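Only one structure is covered here, and it is reproduced in the block below.
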Amino acid sequence: MNRMPLAERAKILGLLVEGMSLRAVSRIADCSINTVTKLLVDVGTACAEFQDATMRNLPCKRIQCDEIWSFVGAKQKNVPAEREGEFGVGDVWTWTAICADTKIIASWMVGDRGAAAANAFIADLAGRLSNRIQLTTDGHKVYVDAVERAFGSDIDYAMLIKLFGEGPVSPERKYSPSEHIGTKTVRIEGEPNPAHISTSYVERQNLTMRMSMRRFTRLSNAFSKKVDNHMHAVALHFMHYNFGRIHKTLRVTPAMEAGVSDHVWSLEEIAALVKEPVAKARGPYKKKQAA
Numbered sequence: 654m655n656r657m658p659l660a661e662r663a664k665i666l667g668l669l670v671e672g673m674s675l676r677a678v679s680r681i682a683d684c685s686i687n688t689v690t691k692l693l694v695d696v697g698t699a700c701a702e703f704q705d706a707t708m709r710n711l712p713c714k715r716i717q718c719d720e721i722w723s724f725v726g727a728k729q730k731n732v733p734a735e736r737e738g739e740f741g742v743g744d745v746w747t748w749t750a751i752c753a754d755t756k757i758i759a760s761w762m763v764g765d766r767g768a769a770a771a772n773a774f775i776a777d778l779a780g781r782l783s784n785r786i787q788l789t790t791d792g793h794k795v796y797v798d799a800v801e802r803a804f805g806s807d808i809d810y811a812m813l814i815k816l817f818g819e820g821p822v823s824p825e826r827k828y829s830p831s832e833h834i835g836t837k838t839v840r841i842e843g844e845p846n847p848a849h850i851s852t853s854y855v856e857r858q859n860l861t862m863r864m865s866m867r868r869f870t871r872l873s874n875a876f877s878k879k880v881d882n883h884m885h886a887v888a889l890h891f892m893h894y895n896f897g898r899i900h901k902t903l904r905v906t907p908a909m910e911a912g913v914s915d916h917v918w919s920l921e922e923i924a925a926l927v928k929e930p931v932a933k934a935r936g937p938y939k940k941k942q943a944a
């Protein structure tokens with residue numbers, strides 16, 4: 654069986670992290686979509702394991718959290734009755750926590766938007782920090798109990814609640830957001846500094862995710878067909894964002910700014926996290942596999 658050279662694997666990863674679909678990558682890289690999918694699975698798994706072990710004792714002081722919506726297999730309204738309530742079919746949310754200073758994604762999790770997911774996500778975040786932090790979230794109520802469970806009183810926590818007017822009324826504005834008419838801040842715990850109660854950075858990260866992962870594109874058929882592959886794509890995205898992409902404001906990677914890396918990771922280094930080389934299918938259009 655042929656083995657794909659490291660440079661070719663790096664090229665495929667580069668196309669994926671720039672937001673191309675699996676099928677587009679297979680056409681440009683002239684390889685089977687099975688090869689691209691297997692590479693995503695193998696590298697995504699390795700990236701998740703590496704970051705789970707490396708992202709510890711982070712020096713973050715200000716954290717912003719949010720959830721970003723996507724769907725797997727079908728939109729929630731189209732989920733078959735026999736699969737209703739099954740995780741990985743229909744609505745799927747990606748929870749993210751970004752450091753306002755280093756811009757590192759300190760923790761993320763793919764799950765639903767319920768209380769159990771919030772508890773798991775915030776508990777994971779708490780275990781990665783070395784300092785008392787100021788935390789800002791949106792007004793999603795499940796955060797309150799989750800933060801209390803994970804941090805107790807050892808946190809300065811506030812919610813930033815956005816206020817919106819009426820939604821679009823004309824067909825031309827069907828996909829436009831409602832008018833943002835103001836915000837309200839609510840102190841939940843400790844003494845959060847009002848000047849730093851913000852979710853701007855994490856909301857901007859939502860845009861970065863939608864631009865960098867084709868399966869997050871809305872109003873199209875570019876959605877994940879399997880939740881496992883969805884998770885692998887998220888792990889690859891954050892590996893590249895944290896370790897391999899220079900932040901324009903910082904002029905270094907977020908991982909370098911946070912002190913967990915001493916250099917900019919190349920795509921070859923990310924590809925090399927997989928211990929065994931990925932097998933390369935013979936033809937460019939072998940038996941196709943759903944993403």
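The numbering used here runs 653 ahead of the 1-based position in the sequence shown.
Note that beta-carbon positions come from the ideal geometry of N, C-alpha and C, so glycine has one too.
Note that the coordinates shown come from a computational prediction; the quantities given were computed from them, not determined experimentally.
Using the DSSP secondary-structure output, state which residues sit across from residue i in a beta bridge.
i	result
residue 724	744
residue 809	787
Given this structure, state the Cα-to-Cα distance separating residue i from residue j, to the nearest angstrom.
i	j	result
residue 785	residue 795	21 Å
residue 940	residue 688	With a pLDDT of only 38 at residue 940, under the threshold of 50, the placement of this residue in the model should not be trusted; the figure read from the coordinates follows. Going by the C-alpha atoms only, they are around 10 Å apart.
residue 838	residue 924	43 Å
residue 869	residue 805	34 Å
residue 819	residue 836	15 Å
residue 728	residue 769	22 Å
residue 658	residue 744	37 Å
residue 882	residue 862	15 Å
CB-CB under 8 Å to residue i, same chain, minus the five flanking residues each way: which ones, in chain order?
i	result
residue 936	Its pLDDT being 39, under 50, residue 936 is placed unreliably in this model, and the coordinates cannot settle the point.
residue 756	854, 900, 902, 903, 907, 910
Excluding sequence positions up to five away, which residues of its chain have a Cβ less than 7 Å from the Cβ of residue i?
i	result
residue 920	663, 666, 667, 897
residue 669	678, 693, 889
residue 708	759, 781, 913
residue 696	666, 889, 923, 924, 926, 927
residue 875	674, 867, 868
residue 811	789, 838, 839, 840, 841, 845, 850
Does DSSP put residue i in a helix, in a strand, or in coil?
i	result
residue 904	coil
residue 816	strand
residue 763	strand
residue 877	strand
residue 718	strand
residue 686	helix
residue 910	helix
residue 752	strand
For a quick check, are the C-beta atoms of residue i and residue j less than 8 Å apart?
i	j	result
residue 843	residue 809	yes
residue 718	residue 752	no
residue 746	residue 775	no
residue 865	residue 671	yes
residue 787	residue 871	no
residue 732	residue 880	no
residue 765	residue 740	yes
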